[in-house]
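Engineer:
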Amino acid sequence: MNRRSRVRTSAAAAAALALAATSLGSATTAEAKPQEHRAPRPCPTLTVSEGWYGDNKARVDALVADHCRDKGRKPVAVFDWDNTVIKNDVGDATLYWLLRNDRVRPPRNGDWSTTSRYLTPAAAAALGDACPSRVRTLPTATATDTRCADEILAVYGTGATSGGADAFAGFDHRRMEPQYAWLAQLLRGWTTREVESFAAAARAENLAAPQGATQRVGTARVTGWVRYYPQQRDLIRTLRAAGFDVWIVSASPEPVVDVWAKGVGVQPSHALGIRNTTDHGRLTAHLKGCGTVRDGEDGMITYIDGKRCWINQEIFGVRGPAAERVQPASRRQVFAAGDSDTDISFLRDATGLRLVLNRNKNELMCRAYENGDGRWIVNPMFIEPKQRKTTPYPCATTGYTAPDGTAEPVRRPDGSVIPDQSDRVFPS
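In the numbering used here, the protein residues as written are 1049 to 1476.
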């Protein structure tokens, strides 16, 4: 190599070393620069203020703030549906639509006792006398012969025949409400998709009807409208935005609840209701079981203690007899909302906050107003709230319904009796 070549090579090497040094210096400088840390996003809060009583909104916001950054498993929130998330009852709305559109199938051979194991002989006979048997669907929409529609309405709505005889007997009053279950059982013969289409049609009619509207079914005038509570839509949205796992649990048929729950952003996978067994893709008059109750035994629905069982089984994965028992705090919902004695067990299980919409229901209001652990909050209904109950709730005598249906005192976990409570949360 000649001298000129060596000079060019040396110059090139020097330039390369200089470039490498510059690059290394830049990289070192970049690595040494402090990292910028973004401030954590604020926890979401409720945006609808109207309708909340006292400091209830602030307490809900505080619960959200306490849990919105929980690590690991999402905190669970569970809502009852009828008169908790919406005003009025989607089960009622669906039955009225079925009767107005001739969508109830008669039982095989006209034997109404096959529609519910708890139907009394008097009720089966009354239904058999009022309703034809050799038809594909019952002619309940006709205005000329309303006997069948009227008898079904009486049994479903009052638990008695049109003649006043008891329609149901022999059930556990803490696990089963046979009137509610009977609606699911009257869906026998339809597919889940068909029932969803019926529920969707009823939903459209009831949301479009003006508030206070009625409709004619048989000879009766019945409620003809439903509304979502804006406050509960906002609450569910806020909880989901905060990372809560939000569920609906209702004593209406599950395909019906699935259709309505989508209106607050809750998908069918997170909506629990009364579940029928199926046969070749069609619903039967028998029901799915929970805990110690097997499928087809028809002994437990999503009602009082049954709601606890279904929540434990479907949300927390507890199987067998254990699903019927109160679980450790780590396997229970943080938040719960309800409006009736049907909700009392799963409300009591909530570890953080229990929202009660006041419909003057005895056991529920006894426990909510006594508020032994400070976790109960009571709010008037957001639409057409109840006025003040002028007499005390009979907590010390008849506020509790025992499994056999007898009325007893409402007791604390230690067995002591809750004294009568006055109504304290009502519209001003």
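We put the beta carbon where it would ideally sit given N, CA and C, even for glycine.
1) For the candidate residues L1143, Q1381, F1246 and V1096, whose alpha-carbon lies nearest to that of Y1204?
2) Which runs of the beta strand (DSSP E), 3 residues or longer, sit entirely within the segment 1111-1145?
3) Below 8 Å on the Cβ atoms is my contact criterion, and I expect P1155 with V1243 to pass it. Report the Cβ-Cβ distance as a whole number of Å.
4) Check whether the Cβ atoms of A1174 and S1210 lie closer than 8 Å to each other.
5) Among residues of its own chain, excluding the 5 on either side of A1172, which ones have a beta-carbon nearer than 6 Å to its beta-carbon?
6) In this structure, how does DSSP classify S1317 when only helix, strand and coil are distinguished?
7) Compare the beta carbon distance of V1473 and Y1101 with 8 Å and say whether it is the shorter of the two.
8) Check whether the segment 1344-1363 and the segment 1386-1400 are in contact - that is, three or more C-beta pairs closer than 8 Å.
9) Using CA coordinates, which residue listed in I1425, Y1276 and S1298 is at the minimum distance from E1432?
10) Can you tell me which of the three DSSP states P1369 falls into?
11) Under 8 Å by Cβ, that's how I've got T1332 and T1325 pegged, so tell me the actual separation to the nearest angstrom.
12) Alpha carbon to alpha carbon, what distance is there between P1180 and S1298?
13) Is it buried or exposed, A1290, if we count other Cβ atoms within 10 angstroms and call 16 or more buried?
14) What are the complete alpha helix (DSSP H) segments, minimum 4 residues, inside the segment 1376-1462?
15) Could you check the C-alpha separation between D1109 and T1190 for me, to the nearest Å?
16) So, for C1414: in the same chain, excluding its five sequence neighbours on each side, which residues have a beta-carbon less than 7 Å away from its beta-carbon?
17) So V1307 and A1141 are supposed to be a Cβ contact under 8 Å. How far apart are they, rounded?
18) Would you kindly report the start and end of the unbroken beta strand (DSSP E) that includes E1331?
19) Just verifying my parser: in three-state terms, what is the DSSP assignment at A1268?
20) Between V1152 and W1145, what straight-line distance do the alpha-carbon atoms span, to the nearest angstrom?
21) Taking three-plus beta-carbon pairs below 8 Å as touching, is the segment 1089-1100 in contact with the segment 1112-1120?
22) Where does A1213 sit, in a helix, a strand or coil, going by DSSP?
23) Closer than 6 Å by C-beta to L1186: which residues in its own chain qualify, once you throw out the five before and the five after it? Chain order, please.
24) How big is the Cα-Cα spacing for E1199 and D1220?
25) Terminal residues of the continuous alpha helix (DSSP H) containing T1286?
26) Is it buried or exposed for K1119, if we count other Cβ within 10 angstroms and need 16 for buried?
27) Identify whether V1203 lies in helix, strand or coil by the three-state DSSP scheme.
28) With respect to the beta strand (DSSP E) encompassing S1245, which residues constitute its N-terminal and C-terminal limits?
29) If we call anything under 8 Å between Cβ atoms a contact, is G1099 one with Y1166?
30) Looking at I1363: is its Cβ nearer than 8 Å to the Cβ of L1401?
31) State the Cα-Cα distance for the pair R1184 and D1150, rounded to the nearest angstrom.
32) Please return the same chain residues whose Cβ sits closer than 7 Å to the Cβ of T1076, not counting the five positions on each side in sequence.
33) Just verifying my parser: in three-state terms, what is the DSSP assignment at P1000?
34) Helix, strand or coil, according to DSSP, for R1545 in the structure here?
35) Look up Q992 in the DSSP assignment and give the residues it is bridged to.
36) Going by alpha carbons, who is nearest to R1107 out of L1283, G1329 and A1450?
Structural biologist: According to the structure data:
1) Residue 1204 sits at position 156 when you count from the first residue of the sequence shown. Of the listed residues, the one whose Cα sits closest to Y1204 is L1143.
2) Taking 3 residues as the shortest admissible run, the segment 1111-1145 contains the following complete beta strand (DSSP E) segments, listed from N- to C-terminal end: 1124-1127.
3) Walking along the sequence shown from the start, residue 1155 turns up at place 107. Walking along the sequence shown from the start, residue 1243 turns up at place 195. Wrong, their Cβ atoms sit about 17 Å apart, outside the cutoff.
4) Along the sequence shown, read from residue 1 onward, the residue named residue 1174 stands at position 126. Along the sequence shown, read from residue 1 onward, the residue named residue 1210 stands at position 162. For A1174 and S1210, yes; Cβs fall inside 8 Å.
5) What you label residue 1172 is simply residue 124 of the sequence shown in a count that begins at 1. Annotation for A1172: W1160 and S1161 place their beta carbon closer than 6 Å to its own, counting only its chain and skipping 5 residues before and after.
6) In the sequence shown, residue 1317 corresponds to position 269, counting from 1. DSSP places S1317 in helix when its eight states are reduced to three.
7) To locate residue 1473, count along the sequence shown from 1; it is residue 425. To locate residue 1101, count along the sequence shown from 1; it is residue 53. Less than 8 Å divides the Cβ of V1473 from the Cβ of Y1101.
8) Contact between the segment 1344-1363 and the segment 1386-1400 is established, with three or more Cβ pairs separated by less than 8 Å.
9) Here residue 1432 is taken as the residue at index 384 of the sequence shown, counted from 1. Distances from the alpha-carbon of E1432 to those of I1425, Y1276 and S1298 put Y1276 closest.
10) Locating residue 1369 in the sequence shown gives position 321, counting from the first residue. Here P1369 sits in helix by DSSP.
11) Position 284 of the sequence shown, counting from 1, holds the residue named residue 1332. Position 277 of the sequence shown, counting from 1, holds the residue named residue 1325. Taking 8 Å as the upper bound for CB-CB distance, T1332 and T1325 are in contact here, some 5 Å apart.
12) Reading the sequence shown from its first residue, position 250 is the one you call residue 1298. Reading the sequence shown from its first residue, position 132 is the one you call residue 1180. Going by the C-alpha atoms only, they are around 32 Å apart.
13) Position 242 of the sequence shown, counting from 1, holds the residue named residue 1290. Buried, because 16 or more other Cβ atoms sit within 10 Å of the Cβ of A1290.
14) Counting whole runs of 4 or more residues, the segment 1376-1462 contains the alpha helix (DSSP H) stretches 1392-1397 and 1410-1418.
15) In the sequence shown, counting from the first residue as 1, residue 1109 sits at position 61. In the sequence shown, counting from the first residue as 1, residue 1190 sits at position 142. Cα to Cα, the separation comes out at about 51 Å.
16) Against the sequence shown, residue 1414 aligns to sequence position 366. Cβ contact annotation for C1414 (same chain, cutoff 7 Å, sequence separation greater than five): Y1441, C1443, G1447, V1458, I1466 and Q1469, in chain order.
17) On the sequence shown, residue 1307 is found 259 positions in, with the first residue counted as 1. On the sequence shown, residue 1141 is found 93 positions in, with the first residue counted as 1. Cβ-Cβ separation between V1307 and A1141: approximately 11 Å, too far for a contact (criterion under 8 Å).
18) Numbered from 1 along the sequence shown, position 283 holds the residue referred to as residue 1331. The residue asked about is misnamed: residue 1331 is Leu in this sequence, not Glu. Start and end: R1330 to L1335.
19) In the sequence shown, residue 1268 corresponds to position 220, counting from 1. It is a strand residue.
20) Position 104 of the sequence shown, counting from 1, holds the residue named residue 1152. Position 97 of the sequence shown, counting from 1, holds the residue named residue 1145. Straight-line Cα distance between these residues: approximately 10 Å.
21) Between the segment 1089-1100 and the segment 1112-1120 there are three or more C-beta pairs closer than 8 Å, enough to call the two in contact.
22) Looking up residue 1213 in the sequence shown gives position 165. Three-state result, A1213: coil.
23) For the purposes of this step, residue 1186 is taken as residue 138 along the sequence shown, with counting starting at 1. Cβ within range, chain order: V1152, P1154, C1179 and C1196.
24) Your numbering for residue 1199 matches position 151 in the sequence shown. Your numbering for residue 1220 matches position 172 in the sequence shown. Each residue's alpha carbon lies about 24 Å from the other.
25) Position 238 of the sequence shown, counted from the start, is the residue given in the question as residue 1286. Its alpha helix (DSSP H) spans residues P1278 to A1289.
26) The residue given as residue 1119 occupies position 71 in the sequence shown. Exposed is the call here.
27) Position 155 of the sequence shown holds residue 1203. Shown here, V1203 sits in a helix according to DSSP, grouped into three states.
28) As a first step, residue 1245 is located in the sequence shown; it is residue number 197 there, counting from the start. Here S1245 belongs to no beta strand (DSSP E); instead the alpha helix (DSSP H) covers T1240 to A1256.
29) One-based indexing of the sequence shown puts residue 1099 at position 51. One-based indexing of the sequence shown puts residue 1166 at position 118. Cβ atoms of G1099 and Y1166: not closer than 8 Å.
30) Numbered from its first residue, the sequence shown carries residue 1363 at position 315. Numbered from its first residue, the sequence shown carries residue 1401 at position 353. Their beta carbons are not under 8 Å apart, which means I1363 does not touch L1401 by this criterion.
31) Indexing the sequence shown from 1 puts residue 1184 at position 136. Indexing the sequence shown from 1 puts residue 1150 at position 102. Roughly 10 Å between the two C-alpha positions.
32) Numbered from 1 along the sequence shown, position 28 holds the residue referred to as residue 1076. Note that T1076 scores a pLDDT of 41, beneath 50, so its modelled location is shaky; the value from the coordinates is reported in the next line. Counting only Cβ-Cβ distances below 7 Å, and skipping sequence neighbours, we find nothing.
33) In this structure the chain extends from 1049 to 1476, so residue 1000 is not present and cannot be described.
34) What the structure shows of the chain is the stretch from 1049 to 1476, and residue 1545 is not part of that stretch, so it cannot be assessed.
35) A query on residue 992 cannot be resolved here, the shown segment of the chain reaching from 1049 to 1476 and no further.
36) Walking along the sequence shown from the start, residue 1107 turns up at place 59. It is L1283 whose Cα lies nearest to the Cα of R1107.
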